[in-house]
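**Q** Chains A and B supply the protein sequences, listed in that same order.
Per our numbering, residue 1 is the first one in the first sequence, and the count goes up by one each step.
Per our numbering, residue 693 is the first one in the second sequence, and the count goes up by one each step.
Positions of the beta carbon are idealized from the N, C-alpha and C atoms, including for glycine.
2 protein chains.
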Amino acid sequence: MRNSAKASLFAASIALAAPLGALADEGMWTFDNPPSALLKERYGFTPTPQWLEHLRLSSVRLNDGGSGSFVSSEGLVLTNHHVALGQLQKVSSEKKDYVQDGFYATTRGEELPCPDMEMNVLVSMEEVTDRVLGALDPKAPDRAQNEQRKAEMARIEKESADKTGLRSDAVELYYGGEYWLYRYKKYTDLRLVFAPEAQAAFYGGDPDNFTYPRYDLDMALFRAYEDGKPARPKHWLKWSKAGAKEGDLVFVSGHPGHTERLQTLAQLEFQRDRFLPMRLKLLRERLKALRAYSARGAEQARRAQALIYGYENSNKALTGSLEGLLSPRLLSDKAKAESEFRSLLASKPETADCAGAFDRIAAAEKLLAPRSGEHIFRSRPSGSRLLSLAESIVRWAREAGKPNEKRYEEFRDSALESLRFETFSPAPLYADLEETMLGLYLRMALQEFGPEHPFVKAALGGGKPEDVASQAVAGTKLFDPEFRRRLVEGGLKAVESAEDPLVALARRMDPDYREMRKWYEDNIQSVLAVEGRRIAKARFAAFGRSTYPDATFTLRLSFGKVAGYEEGTTLVPSRTTFFGLFDRAESFEGMPPFDLPRRFAEARGRLDLATPLNFATTNDIIGGNSGSPVADKDGRLVGLIFDGNIQGLILDYVYTEEQSRAVAVHSAGMLHALAAVYGMDALADELAGAKP
Amino acid sequence: MRNSAKASLFAASIALAAPLGALADEGMWTFDNPPSALLKERYGFTPTPQWLEHLRLSSVRLNDGGSGSFVSSEGLVLTNHHVALGQLQKVSSEKKDYVQDGFYATTRGEELPCPDMEMNVLVSMEEVTDRVLGALDPKAPDRAQNEQRKAEMARIEKESADKTGLRSDAVELYYGGEYWLYRYKKYTDLRLVFAPEAQAAFYGGDPDNFTYPRYDLDMALFRAYEDGKPARPKHWLKWSKAGAKEGDLVFVSGHPGHTERLQTLAQLEFQRDRFLPMRLKLLRERLKALRAYSARGAEQARRAQALIYGYENSNKALTGSLEGLLSPRLLSDKAKAESEFRSLLASKPETADCAGAFDRIAAAEKLLAPRSGEHIFRSRPSGSRLLSLAESIVRWAREAGKPNEKRYEEFRDSALESLRFETFSPAPLYADLEETMLGLYLRMALQEFGPEHPFVKAALGGGKPEDVASQAVAGTKLFDPEFRRRLVEGGLKAVESAEDPLVALARRMDPDYREMRKWYEDNIQSVLAVEGRRIAKARFAAFGRSTYPDATFTLRLSFGKVAGYEEGTTLVPSRTTFFGLFDRAESFEGMPPFDLPRRFAEARGRLDLATPLNFATTNDIIGGNSGSPVADKDGRLVGLIFDGNIQGLILDYVYTEEQSRAVAVHSAGMLHALAAVYGMDALADELAGAKP
């Protein structure tokens, strides 16, 4: 390409050490600290407090693991199909598969309640750094400080929840550089209004996932209800019928889940050598088992579809992340930046003590390494929902008797309402699927840790993994939400005496879990907390607040522009159109997963194929941002984030503007599809015609 | 991608050493040695002699630098727009720009004669290896053998031409492993019938060149005339209206220009370190000059357009080739293969003497290195057509007095008819453009070789390059084809005494050229010929004729299948459709060079957008194959080769099947465009309806 200089893939700043350059659309900014200077310099735009508040209060977090936004005065919530997928799966049955067929409510009465979808709106943010740090005894050992920190966070949450009735989360940012109390308005009555068929939402399937150009109608609409009536939010995003064009400044307001940009070199090496390989191993084994299960029949395929989607998505994302870490440049750039930062710290008396923090973190990661497989295996979901429920119920009963601030975070008073909502969900569970996933989990435990490991011994008692799984699933009553409710309400006594074989299994597995968690919190987490805080303090001292914290599934603002990029020796356009969907389907001669969605084929005569369908932006996003609104500078909805391209899979570690792109559904495309493909004219009118 | 194993980019065999594996659609096969075993094994297909003859006699070589085929009983010849581009440029004027606007003859009477297009059909092939080698004295020094070889080839050509009246070329294959006499039927009355506008033919411009997926109608139709009437070829390809589909076996019959797969490691290193960097330097300087010239005004832009296309094309192709050679794998694989081959040779008494051939070639390349810049600079076209004419006329006059077999090859009797055709072409020349290119050539000579170099001294005589160029162009009469004819017919005396300043410049430059050429032929070419032959002989001894020679712009057969490929983590489809053209134009919001061709926009209502437009195949092709027919196993025309993808730019050195693809216009797309976009219904009928 002769028209633009080819910049290095990793030209972007490595956030750890340097303040952010003014040269990139970088950052997942907290709403209390928007990138006003950058925005002014790059785009001549200054966000007002009102503008920020409007966007923040229009944005929602969906606790299935995504983001969304209010898009009408009557509580319509826009998010991705793939964020809604779990609920779509749960309301489907052997008779009616809403995932494959889509769902269309033409009247309010037809709107379909979701079994266990919680939605949060961030209504206030209050800094509590001084209070949290004030509760620490700086002379105490790390592990004591860690307990003091957690206890104080628990107290802050409980006080707030008791006082306001709002969901109150104590949030750690910058690895302990700041603490905030985030209060959320909570919605738990969400009803499904519209979801296209999976083939339209996820056109191109796993191959096209993390790919651009793209042609996906990855949208779904819920309506939030309060007291049985549609919610009437004060803030919601007006729909831009034209949407955004090449070069337009756009914002994404959503909940990026997790990044590691401020982590140290040692932490990234741990990711590369331990964490990601182990997670990928687990993912791939589960995918293999699920595909085999799925192949048993149409109903099994239906039951497994959302799970397979999730694992395939994670597999592709983490593979890309690992490839990023394995590339020669990324970690050598990080090492260079870290070394310069350490020199800077060492050169000033007030930060000289901080230089050693990097070594202490490295020592903690080294200590963790031999137990890391076990830690990853036990601290993440098992793959069997039934086992997760059993373990949670047992742990909950055993924690409940402790003072609030001594409990595991997930069993603090402030968390119990959401926990109950999840635990007693009426969503269906399938015995054959649970048996498959539980069997795999136990088999992998045996393979990975051997028969003599206390956890394996306790779980299997010398039996075969498959037999233990099959007996536990065959005998358990945990399929019944009422049984789960009675267990939880019966308290410790009911749980400890229950003869249910799956509860018994969870009881046997619990002591080793507690040992492992305590060891981790005392020896690893406490070091990371103390040293991370030290580094954060030094960073603030050196660079002020010209930076943003790593993602934590809390609300963030990112900015960027609608932009294509160079690839190979040509250009990738900033958007795609309906023409392109038809081209791809015809180009593959209809081969799945590239076959044209049936309703699009039927609607061909009604379609204006030049309508934009997807578009790419330079916004800095990551998993969890799925479903985030893309807003223009007038705060109107111009798009819906649903993916990043393959070049964006290193955004976990470093932002680059050359090729990494956020990928969104275009507001004009969504509106056109609703009306011309799905005949949802009333809904399209509600979105397009509604006045603020 | 989970559905297919990811193979290494360079998994293909390195042709130098190993016999071809049966696992790839590899090879540019001569028609006397078709890959019958491979075809049978991979596709269950056996080409008959009749099948081969039909395809060969339907195939044509266009001496502007491309390939083509007869596609009707009345002499219609199909090739690429970009092969026709030179002629389109030459028949255009300030008033009528057929490049930009296209050309459409609706009656025979409107068909437009081309000024200097020669077309060849390979009517017979006769092996003359024994005769050529028999003329050599194996005890003579390399340089004497080199002269003996050339003289014998000249005699063979002359005898054949005198006897048959056919164009007769002595062809060297396998670097001297074989010699063949190729006889061609020659056509010089070619008339333009149809060419689309450049924006349709070359949609996406330089960025999309060597890119796939692609959406180009890169076609043109000529009609061959004999004795003022349309030619009636006995063999021509019937048009397949449906064209080829994914997985179909297809053949390409055309004239690949140049490959270096059988060259030694030392030769490829020379390419990497000397040849390609120098050629790219020259190309880029010329492009810069042409762009500046083009920016002077619309008419200048028109005059320069075909040249700019050509230089941009070469620049992108050679850049890709160089990147291939610079990649870590390619040359290390080559080194390994060569070393294994040498061990094999050394292990057998009959080939033991051959192992040293590699070292002698390496020594020759080392000897060439310091003079390589000069050799490349002087032995390739200067960029000024006028200077090329002047140099050729001077050299011709000075060669003419020698015995036929002692002359430079290009002035042998057998070459003179084509040479006259070129030299006396009425194609227009533009003084300002010639001055620009001549000035650049002289300026670069000065920069590269300094004022004391004999060539520079002779050319400039101490003057400034720009002044010498401007005076020569201002004073010359070579613009006039009649003046050129009189000069040539006047013979040595007329040329030596001409006061024309450009002829004088060419006379001054000639002695140094002759010195350089003689040095090269005696010291480099002779070594490469003798040692190349030795290696070829050893290769035949080891592997038989299970291989194919490097490309030499002679007719070759390649086979393959219609196939997409993996890229990034998704799939690229095997074809594109008219939908995709509209998508790309709309996706770039009409930004050039991605704007929709006007006639396509106007025709939208008449188009079936699902019609295939371009497709990709695994056939082994290279520059010179442009315009080659793609035929199915029934010998019907299913497509028209016009490009390779970017991954194919290493095909100069090694064939790979994973991602390298030939790119063709689809036969259904061409027919549909002719009828629905251009209203050329009669032409479409001639193509589609004609019976064999």
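Compute the Euclidean distance between the alpha carbons of A784 (chain B) and S852 (chain B), then round it to the nearest angstrom.
**A** Before going on, a small fix: residue 784 (chain B) reads as Ser here, not Ala. Rounded to the nearest angstrom, the two C-alpha atoms are 38 angstroms apart.
**Q** Say whether chain B places a C-beta atom closer than 8 angstroms to the C-beta of P592 (chain A).
**A** no
**Q** So, with DSSP's three-state summary, where would you put M970 (chain B)?
**A** In this structure, DSSP gives M970 (chain B) a helical state, which the three-state scheme calls helix.
**Q** Between which residues of its own chain and A1302 (chain B) is the CB-CB distance below 6 angstroms, once the five residues before and five after are set aside?
**A** T1269
**Q** State buried or exposed for A541 (chain A), treating a residue as buried only when at least 16 other CB atoms are found within 10 Å of its CB.
**A** exposed
**Q** Contact check, V1369 (chain B) vs R1291 (chain B) under 8 angstroms by CB: the rounded distance?
**A** 5 angstroms
**Q** Shortest alpha-carbon distance to N313 (chain A) belongs to which of A:A682, A:F210, A:V128 and A:Y187?
**A** A:F210
**Q** Of all Cβ atoms in chain B, is any one closer than 8 angstroms to the Cβ of S695 (chain A)?
**A** Here chain A comprises residues numbered 1 to 692, so residue 695 (chain A) is not present and cannot be evaluated.
**Q** When you compare only the Cα positions, how much space is there between K336 (chain A) and R329 (chain A)?
**A** 10 angstroms
**Q** Are G254 (chain A) and S526 (chain A) touching if we call contact CB-CB under 8 angstroms?
**A** No. Outside cutoff.
**Q** Taking 8 angstroms as the threshold (beta carbon to beta carbon), is G1371 (chain B) in contact with chain A?
**A** Not an interface residue.
**Q** I need the DSSP call for L814 (chain B), collapsed to helix, strand or coil.
**A** strand
**Q** So for S1117 (chain B), helix, strand or coil by DSSP?
**A** coil
**Q** In three-state terms, what does DSSP make of W236 (chain A)?
**A** Of the three classes helix, strand and coil, the one that applies to W236 (chain A) here is coil, per DSSP.
**Q** Taking Cβ-Cβ distances shorter than 9 angstroms, what residues in chain A pair up with F902 (chain B)?
**A** G568, T569 and T570
**Q** At 4 residues or longer, what runs of the alpha helix (DSSP H) sit wholly inside the region 1199-1241 of chain B?
**A** 1218-1235
**Q** List the residues of chain B that G580 (chain A) touches, going by C-beta distances under 9 angstroms, in chain order.
**A** F1271, G1272, F1274, D1275, R1276, E1278 and S1279
**Q** Which stretch, first to last residue, makes up the alpha helix (DSSP H) that contains F455 (chain A)?
**A** P454 to L460
**Q** With three or more C-beta pairs closer than 8 angstroms as the rule, is the region 561-568 of chain A touching the region 166-186 of chain A?
**A** no
**Q** Could you work out which residues of chain A lie near L1301 (chain B), taking near to mean beta carbons separated by less than 9 angstroms?
**A** F579, F582, D583, E586 and L609
**Q** So which residues of chain B does I646 (chain A) contact, with C-beta pairs closer than 9 angstroms?
**A** G1260, T1261 and T1262
**Q** Please check if any C-beta of chain B sits within less than 8 angstroms of the C-beta of S13 (chain A).
**A** In this prediction, S13 (chain A) scores a pLDDT of 35, lower than 50, which makes its location untrustworthy; no coordinate-derived value is stated.
**Q** Please decide whether K464 (chain A) counts as near chain B, where near means a Cβ-Cβ distance under 8 angstroms.
**A** no
**Q** I believe R1328 (chain B) touches L941 (chain B) by the beta-carbon criterion, under 8 angstroms. Please report the beta-carbon distance rounded to the nearest angstrom.
**A** 12 angstroms between Cβ atoms; not a contact.
**Q** Residues of chain A with CB under 7 angstroms from S1267 (chain B), in chain order?
**A** The sequence shown places Arg at residue 1267 (chain B), not Ser. S587, listed in chain order.
**Q** Is S1189 (chain B) buried or exposed, if buried means 16 or more other CB atoms sit within 10 Å of its CB?
**A** Under the 10 Å beta carbon count, S1189 (chain B) is surrounded by fewer than 16 other beta carbons and is classified as exposed.
**Q** For K1008 (chain B), decide whether its Cβ has a neighbour in chain A, counting only Cβ atoms nearer than 8 angstroms.
**A** yes
**Q** When you compare the region 978-994 of chain B with the region 750-762 of chain B, are there three or more beta-carbon pairs, one atom per stretch, that lie closer than 8 angstroms?
**A** no
**Q** Cα separation between R191 (chain A) and L429 (chain A)?
**A** 21 angstroms
**Q** Can you tell which of B:L1130, B:A1137 and B:E961 has the C-alpha that lies nearest to the C-alpha of D1194 (chain B)?
**A** The sequence shown places Leu at residue 1194 (chain B), not Asp. Minimum Cα distance to L1194 (chain B) is reached at B:L1130.
**Q** Taking 8 angstroms as the limit between beta carbons, can you name the residues of its chain near V863 (chain B), skipping five residues before and five after?
**A** Y871, W872, L873, Y874, T1244 and T1246
**Q** Among residues of its own chain, excluding the 5 on either side of A1164 (chain B), which ones have a beta-carbon nearer than 7 angstroms to its beta-carbon?
**A** L1130, P1193, L1194 and L1197
**Q** Could one say the Cβ of P328 (chain A) lies closer than 8 angstroms to chain B's Cβ atoms, at least one of them?
**A** no
**Q** Quick one: what's got a C-beta closer than 7 angstroms to A585 (chain A)'s C-beta in the same chain, skipping five residues either side?
**A** By the criterion of a C-beta distance shorter than 7 angstroms, A585 (chain A) is surrounded in its chain by F594, D595 and L596, once the five residues flanking it on both sides are discounted.
**Q** Within the same chain, show all residues whose beta-carbon is closer than 6 angstroms to that of R84 (chain A), passing over the 5 residues directly before and after it, in chain order.
**A** It should be pointed out that residue 84 (chain A) corresponds to Ala in this sequence rather than to Arg. Taken in chain order, the residues that qualify are A195 and A220.
**Q** With distance defined between alpha-carbon atoms, name the residue in A:H82, A:L571, A:R371 and A:A352 nearest to Y98 (chain A).
**A** A:H82
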